[in-house]
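Let me begin by presenting the structure, written as C-alpha cells, before commenting on it.
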Amino acid sequence: MTDVHAHRGLNREAPENTLAAFQRAYDKGIRWIETDTDIVADGTLIVMHDAATDRTTNRAGSIYDLTAADIKKLDAGSWFSEEFAGEQAPTLPELIDFLNEHPMNLNLELKGNQQSGERAVALVEAALAELDRLDPSIEVIISSFAPLQLAEVSRRNEGIALALLADARDLRANWRATVDLCGATLIHPSTALATHETVDQYLAAGLGVNVWTINDLSTANKYRNWGCGVITDVADQLQA
C-alpha cells in the first residue's frame with residue numbers, strides 16, 4: 001500500500017479544499033484525494049479544514065455559525081490568488097457530485113467537531129448518507145483523530161475502511177487497543193510518529209499506513225520502501 005494522497009487537493013496549485021484544487025488533482029491523474037468535512041449550524045456538511053473561516057475565506061468567524069446560504073457567500077479563493085477570486089467553499093454533497101463525474105478515491109477526514117458529542121454523531125450520520133451516493137467503484141477511507149468518532153462510523157457501517165489519525169503525542173503503548181476498539185484498519189501517523197520501528201509494528205499488525213505530511217521525494221520514497229502510502233501537498237511530484 002504505497003498510494004499518494006493529494007492533501008486537500010493540489011493545494012499549491014489552487015486554494016485548498018476547493019473543487020479547483022480537486023480538479024487540478026484529477027487533471028494530473030492523481031488517484032487519491034484527502035479532504036476534511038464538518039457540520040455547520042443548519043446541518044450542512046462543509047468541506048473545510050479549520051473550525052474558523054478566517055484563514056481560507058474572506059469571512060472571519062466560526063464555521064459552526066454558518067448555514068448553507070452563508071457557505072455560498074464565502075470567497076475561498078482570493079486569499080490564494082486573484083485567479084481564484086470567487087471560488088466557493090464546497091459542501092460534501094457537491095464534492096460527491098464532483099467525484100462521480102471525476103472519479104478519484106476519497107480519504108475523508110471527519111473533524112472532531114468542537115460543539116458536542118451529539119453534533120459529532122450528526123456529522124457521522126450525514127457523512128455516511130452522502131457517501132452512499134458515491135459511485136461504488138470509488139474507494140473510500142474515513143479518517144479521524146477521534147477514536148470514538150471512528151467507533152460510531154464502524155457501528156453504523158462495518159464495511160467502510162477507517163483510519164486513525166495520530167501524532168506522536170496521541171498514541172502510546174496502548175495503540176493496539178485503541179485501534180481495535182475504534183475499528184480502524186489503517187493508521188495515518190505524522191512523520192514524528194512514523195519511525196521505522198512503529199511502522200513495522202503497524203504493518204505487522206495488518207494495518208495499512210499512510211504518513212502525513214510529506215513534501216519531498218526522498219522522504220516519500222523512504223516511507224514507500226517501508227510499505228507506506230504518503231499524504232502530501234505535492235502529489236503530482238511524488239506519484240510513483
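Take the sequence shown: its letter number 219 is residue 219 in the UniProt record's numbering, and every next letter is one higher.
By construction, the Cβ of each residue, glycine as well, lies at the ideal position given by its N, Cα and C atoms.
*Expressed to the nearest angstrom, what Euclidean distance is found between the alpha-carbon atoms of ALA51 and ASN157?*
26 angstroms
*asked:* Spatial neighbours of GLY208 within its chain, please: C-beta separation below 7 angstroms, excluding the five flanking residues on both sides.
replied: MET1, THR185, LEU186
*Are LEU162 and ILE138 closer than 9 angstroms when you measure CB to CB?*
no
*asked:* Counting C-beta neighbours from all protein chains within 10 Å, is the total for ASN17 16 or more, i.e. buried, or is it exposed?
replied: buried
*Excluding the five sequence neighbours on either side, which residues of its own chain have a C-beta within less than 7 angstroms of the C-beta of SER62, listed in chain order?*
ALA51, ALA52
*Nearest residue (CA-CA) to residue 244, options ALA76, ASP200, SER143, HIS102*: An answer regarding residue 244 cannot be provided, because it is not within the stretch 1 to 240 covered by the chain.
*Whose CA, out of ALA122, PRO90, ASP75, CYS182, lies closest to the CA of PRO147?*
CYS182
*Who are the Cβ neighbours of HIS196 in its own chain at under 6 angstroms, not counting the five residues just before and after it?*
none
*asked:* Could you give the first and the last residue of the continuous alpha helix (DSSP H) run that contains VAL47?
replied: First-last for VAL47: undefined, no H or E at that position.
*Inspect the CB distances between the segment 117-126 and the segment 162-178 and report whether three or more fall short of 8 angstroms.*
no
*asked:* Buried or exposed, going by whether 16 or more other CB atoms sit within 10 Å of the CB of ARG55?
replied: exposed
*Roughly how many whole angstroms lie between the Cα atoms of ASP75 and GLU82?*
11 angstroms
*So what's VAL230 in DSSP terms, helix, strand or just coil?*
strand
_Between LEU106, SER154, ASP135, which has its C-alpha nearest VAL4's C-alpha?_
LEU106
*asked:* Tell me which residues share the same chain as LEU134 and place their Cβ nearer than 8 angstroms to its Cβ, disregarding the 5 neighbours each side in the sequence.
replied: ILE96, LEU99, ASN100, LEU106, VAL140
*Going along the chain, which residues of its own chain have a beta-carbon closer than 7 angstroms to the beta-carbon of LEU92, five neighbours each way excluded?*
THR37, LEU45, VAL47, ALA127, GLU130
*Limits of the unbroken beta strand (DSSP E) element including SER144*: 140-144
*Which residue from THR57, ALA14, ALA192 puts its Cα closest to that of LYS73?*
THR57
*Check LEU19 in the structure and name its three-state DSSP category.*
helix
_Status (buried if at least 16 other CB within 10 Å, exposed otherwise) for ARG224_ = buried
*Exposed unless 16 or more other CB atoms sit within 10 angstroms - verdict on MET210*: The sequence shown places Asn at residue 210, not Met. With 16 or more Cβ atoms within 10 Å of its Cβ, ASN210 is classed as buried.
*The alpha helix (DSSP H) spanning LEU238 covers which residue range?*
235-238
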